Structures are given as C-alpha cells and as structure tokens.
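Just add 11 to wherever you are in the sequence shown, counting from 1, and you've got my numbering.
We put the CB at the ideal spot given by N, CA and C, even for glycine.
Computed from a predicted model, the values in this text were never measured in an experiment.
A short worksheet on the structure shown next.
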Amino acid sequence: MKYANFQVLRETQYVCPSVLLEVGFLSNWEKAEHSDKVSSIRAYALVILSAVFKYENTFLVIKT
C-alpha cells in the first residue's frame, strides 16, 4: 500500500473518504484482455465492495 499526495484524493478529504484504486495496467496486453471480460469486472467489483464493507465494519461501535 502506498500513500501519495494526489489531488483527486487531497481535494475530497474534508468531504468524504476516498480511495484511488489501480486494478491493472492496460499497457499489459494480458491484463487488458482480462480486464475487458464481464466476469473479471464483476470479480473486481466484488473484491472492492468486500474491502469497503470490511473497512466500514472496523468503525462500527456496538452499543449495549
């Protein structure tokens, strides 16, 4: 994981949490072909969604 001072992330820090994802390099022919498949796109989306839910659950406070 890397941290950087990207404007797209910096300008939203007071509005909402943000994440910049790099899912693959389109200059890599195999990755480009793989990323074009509906099943791959769906798999990427599910992994990202799972990560968001996991992140959100770290901040849940259980009230008793």
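Does the beta-carbon distance from residue i to residue j come in below 8 Å?
i: Val34; j: Tyr66; result: no
i: Leu20; j: Ser29; result: yes
i: Ile52; j: Leu32; result: no
Practice problem: May I have a chain-ordered list of the alpha helix (DSSP H) segments no shorter than 4 residues that lie completely inside the segment 19 to 69? | Solution: 40 to 46 and 49 to 68
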